[in-house]
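Before any comments, here is the structure.
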Amino acid sequence: MKSKRRFCEATDGPVIRRWYARMRTADLARKMGLTVRQITNYVYRWNWEPWARKLASVLSKENRENGKRGGRPKKKS
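Residue numbers (our numbering): 1 to 77.
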């Protein structure tokens, strides 16, 4: 596995603030070359801000695909 780069708040912070609510965390991490843990740690520090909350549509899509609340996970197509 390719090693990830270090987190820099000055350059990565604005991108995370813009996209965190609308995009899956794993996809955002892949796009930026960071780990999911680096992004979630940054968001946790700013958890009182409105941008640090996922949109309901993103959460429901993620839960539907991952099989949360029982049932079988849907196949990704």
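Even for Gly, the Cβ is constructed at its ideal location relative to N, Cα and C.
These figures come from a predicted structure and were not determined experimentally.
Using a Cβ-Cβ cutoff of less than 6 Å, which residues in the same chain neighbour residue i once the five nearest sequence positions on both sides are dropped?
i: R17; result: W51
i: V36; result: T25, A26, A29
For residue i, is the classification buried or exposed, using 16 other Cβ atoms within 10 angstroms of its Cβ as the cut-off for buried?
i: L34; result: buried
i: A29; result: buried
For a quick check, are the C-beta atoms of residue i and residue j less than 8 Å apart?
i: L55; j: A26; result: no
i: M32; j: V58; result: no
i: K76; j: E65; result: yes
Excluding the 5 residues preceding and the 5 following residue i in the sequence, name in chain order all residues of the same chain whose CB lies nearer than 8 Å to its CB.
i: Y42; result: F7, E9, D12, G13, I16
i: R53; result: A21
Any chance you could list the alpha helix (DSSP H) runs of at least 4 consecutive residues sitting entirely within the segment 13–55, in chain order? 25–32, 36–45
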